[in-house]
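Peer 1: If you read the sequences in order, they're chains A and B.
Position one of the first sequence corresponds to residue 1 (full-length UniProt numbering), numbered consecutively onward.
Position one of the second sequence corresponds to residue 1 (full-length UniProt numbering), numbered consecutively onward.
The C-beta atom is built at its ideal place from N, Cα and C for all residues, glycine as well.
Just so it is clear, the structure is predicted and the values come from calculations on it, not from any experiment.
Protein chains: 2
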Amino acid sequence: MDQLPGLPARVTVCEVGPRDGLQNESATVPASVKAELVERLVDAGHRVVETTGLVHPKWVPQLADAEEVLRRIDRRPGVRYPVLVPNMRGLDRAVDLGVEDIAVFGSATESFARANLNRTVEESLEMFAPVVGRARETGMRVRGYLSMCWGDPWEGEVPVPQVVSVATRLIALGCTELSLGDTIGVATPGRVAALLDALTAAGVPVESITVHFHDTYGQALSNTLTALRHGVTTVDASAGGLGGCPYAKSATGNLATEDLLWQLAGLGIDTGVDLDKLVETSTWLADLLGRPSPSRTVRALAGG
Amino acid sequence: MDQLPGLPARVTVCEVGPRDGLQNESATVPASVKAELVERLVDAGHRVVETTGLVHPKWVPQLADAEEVLRRIDRRPGVRYPVLVPNMRGLDRAVDLGVEDIAVFGSATESFARANLNRTVEESLEMFAPVVGRARETGMRVRGYLSMCWGDPWEGEVPVPQVVSVATRLIALGCTELSLGDTIGVATPGRVAALLDALTAAGVPVESITVHFHDTYGQALSNTLTALRHGVTTVDASAGGLGGCPYAKSATGNLATEDLLWQLAGLGIDTGVDLDKLVETSTWLADLLGRPSPSRTVRALAGG
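(1) Measuring straight from C-alpha to C-alpha, what distance separates residue 302 of chain B and residue 280 of chain B?
(2) Measure from the C-beta of residue 10 of chain B to each C-beta in chain A and report whether the shortest distance is under 8 angstroms.
(3) Take residue 55 of chain A and list the residues in its own chain whose beta-carbon comes closer than 6 angstroms to its own, dropping the five residues that flank it on each side.
(4) Relative to the C-alpha of residue 5 of chain B, which residue among A:285, A:192, A:239 is closest?
(5) Under 7 angstroms, CB to CB, which of the residues in the segment 43-66 of chain A have a partner in chain B?
(6) With distances taken Cα to Cα, identify the nearest neighbour of residue 173 of chain B among B:277, B:134, B:194, B:260.
(7) Applying the criterion that 16 or more other CB atoms from any shown protein chain within 10 Å of the CB defines a buried residue, is residue 74 of chain A buried or exposed?
(8) With a threshold of 8 angstroms between beta carbons, is residue 291 of chain B in contact with chain A?
(9) Would you mind telling me which residues of chain B sit closer than 9 angstroms to residue 145 of chain A, beta carbon to beta carbon, in chain order?
(10) What is the C-beta distance between residue 137 of chain A and residue 121 of chain A, in whole angstroms, given that I count them as a contact (C-beta under 8 angstroms)?
(11) Could you name the residues of chain A that residue 219 of chain B contacts, counting a contact when the two beta carbons are closer than 9 angstroms?
(12) Can you check whether the CB of residue 265 of chain A is closer than 8 angstroms to the CB of residue 298 of chain A?
(13) List, in chain order, every chain E residue whose beta-carbon is nearer than 8 angstroms to that of residue 189 of chain A.
(14) Tell me where the beta strand (DSSP E) around residue 16 of chain B begins and ends.
(15) What beta strand (DSSP E) runs, 3 residues minimum, are completely inside the segment 76-127 of chain B?
(16) Comparing alpha-carbon positions, which option in A:41, A:26, A:222, A:60 lies nearest residue 277 of chain A?
(17) Could you check whether the segment 219-230 of chain B touches the segment 184-202 of chain B, counting it as contact only if at least three pairs of C-beta atoms, one from each stretch, sit closer than 8 angstroms?
(18) Buried or exposed: residue 50 of chain B, going by 16 or more other Cβ atoms within 10 Å of its Cβ?
(19) Which whole runs of the alpha helix (DSSP H) in the segment 226-272 of chain A are 4 residues long or more, in chain order?
(20) By the 10 Å Cβ neighbour count, where 16 or more other Cβ atoms means buried, how is residue 83 of chain B classified, buried or exposed?
(21) With a threshold of 8 angstroms between beta-carbons, can residue 247 of chain B be considered close to chain A, or not?
(22) Can you give me the C-alpha to C-alpha distance between residue 38 of chain B and residue 163 of chain B, rounded to a whole angstrom?
(23) Under DSSP, the beta strand (DSSP E) around residue 47 of chain B begins and ends at which residues?
(24) List, from N- to C-terminal side, the alpha helix (DSSP H) runs of 4 residues or more that fit wholly inside the segment 141-207 of chain A.
(25) Just to confirm the assignment, what range does the beta strand (DSSP E) spanning residue 210 of chain A have?
(26) Determine the direct distance from the alpha carbon of residue 183 of chain A to that of residue 90 of chain B, and round the result to whole angstroms.
(27) Using a 10 Å radius around the Cβ and a threshold of 16 neighbouring Cβ atoms, would you call residue 76 of chain B buried or exposed?
(28) Identify the continuous alpha helix (DSSP H) that holds residue 289 of chain B and give its terminal residues.
(29) Under a Cβ-count criterion, where at least 16 other Cβ atoms within 10 Å of its own Cβ denotes burial, should residue 18 of chain A be classed as buried or exposed?
(30) Anyone know if the C-beta pair for residue 291 of chain A and residue 218 of chain B falls short of 8 angstroms?
(31) With 8 angstroms set as the bound, which would you pick, yes or no: does the beta-carbon of residue 215 of chain B sit closer than that to a beta-carbon of chain A?
(32) On the CB-based measure, 16 or more other CB atoms within 10 Å of its CB, does residue 115 of chain B come out buried or exposed?
(33) Taking CB distances under 8 angstroms as the criterion, tell me whether residue 286 of chain A reaches chain B.
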């Protein structure tokens, strides 16, 4: 175990497998399995587990069972269970269900805002404004996802000032946390550093920034390390690399939590998460999904 | 494209797929395919391609066709085709075949020296001494591989002073280049930095150091980036991540050249290698081997 200079002593991993991960898997997973997954992740030591999304089932059928998943989970003190909420209707449901952490899902590019939200970036911010405002009034924490921060399938490379502009608007709306997404996995370390430098120069507190890398081109862990060297201390990852089959045409899985934990443990960085328990959970889930985990650490440690 | 401070403008990739990679694949590949692979890699822009090994076929049957592979290749000026040579008998064959670059294969640990060379570390250095000496007299370049630099399956974590001791001996024997191998893929960035710092403090010129990471735990690219930030400018990688099936029990593939090229291109670092041509070659080879490439970049760009 050897430290590198300039790295934090502790990193919070935000486990996004149950929502972001499973939403992008082709297999359908019953609510009972989703709830068991969340419980297992908490048992492994996770303290932030993105659980589900209160989205209209017409848009995301994989999340139609959100209320059942939430009801099945024995929410424990000290653990955060953020839930994706797109609009006021979703927020009303979240309040009724006792949700204490929500997330809104913004885009740094017009093309993806149009494709994903059927709105311009400006219109989506207008939609989020009352949601974030009321959620904060009720004492909730609000994560603002920002997709396509480095590249967009329609627009190519996304200019840094454009990302900074949307990011500062989300913070101004009252988001307590910003998750910078490399949704198509194209970023490399120099571009990660450039965006983080620009965001902090624009007054976004580095403590409010989370990084969310996809491993499409194998860059997720290098990018994460670069972000940690720039003061970031919260990292999104999904158990076993859930979220996009690595053998399909467009391999868009998230950074695997296990690959991240291997690196952080080697660097002497505490996460509070038990790698062996997580590998056990990812192996269990890979069996249910009928395919091997794309995480190299899972494959090495699970021996299959 | 954004630079990071402290990185080199140019990196030499030593392509190890044809020897190190194929030697560790379960499928048997005919000499004609091996030769075509080498030619394709050179066509893609590689200027250092580890081609084969002149090893007794009893020990490494996959290399029994070494002479045929070398005869089939149209060796071009300006391209280096290093060949693994374990002893004087191998060196004699190398000289007869017009080989200009050789490599010897040492170990940082007693357990692996015993398992791989049936010798102690000291005995293996004694075996290499006349080989390196005579190779240098005939004008050859000599790469000294050093395996198990960070971890060993029998001995666990390998102490830095032990690695420095063998490394400085290899340099003293006359090796012009040292390839530091993370043979079981366990290293993390802090330990990479610690070893590089210790080697340069011991007088090993950083220009003579190559890093050779395996991606068993998904750490290879982060480790490589760390080495580049410490002044290393030569990196071993294998086309498509050849060298150990990712779906087998022990996933020990090399860093995939394509994943490395994606990162270096994004960082504005020149390699002279054409990523698209390389992806084409790795896809061709994966078809022949009957399994998908473990490289995430190959899968993303080849669309399969």
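Peer 2: On the basis of the data shown:
(1) 8 angstroms
(2) no
(3) 63, 86
(4) A:192
(5) none
(6) Of the listed residues, the one whose Cα sits closest to residue 173 of chain B is B:134.
(7) Exposed: under 16 other Cβ atoms inside 10 Å.
(8) no
(9) Neighbours of residue 145 of chain A on chain B: none; closest Cβ ~22 angstroms, over 9 angstroms.
(10) 25 angstroms between Cβ atoms; not a contact.
(11) 221, 259, 262, 263, 266, 296, 297
(12) Against a cut-off of 8 angstroms, the Cβ pair of residue 265 of chain A and residue 298 of chain A comes out as no contact.
(13) No chain E appears in the structure shown, which is made up of the protein chains A and B.
(14) From DSSP, residue 16 of chain B is part of no beta strand (DSSP E); its letter is neither H nor E.
(15) 101-107
(16) Ranking the options by Cα distance to residue 277 of chain A, first place goes to A:41.
(17) yes
(18) buried
(19) 257-266
(20) buried
(21) Note on residue 247 of chain B: pLDDT 47, under 50, position unreliable in the model; no value is reported.
(22) 32 angstroms
(23) Run containing residue 47 of chain B: none; DSSP gives neither H nor E here.
(24) 160-173, 189-201
(25) 209-213
(26) Using only the alpha carbons, I get a separation of about 51 angstroms.
(27) By the neighbour-count rule (16 or more Cβ atoms within 10 Å), residue 76 of chain B is not buried but exposed.
(28) 275-289
(29) buried
(30) no
(31) yes
(32) exposed
(33) no
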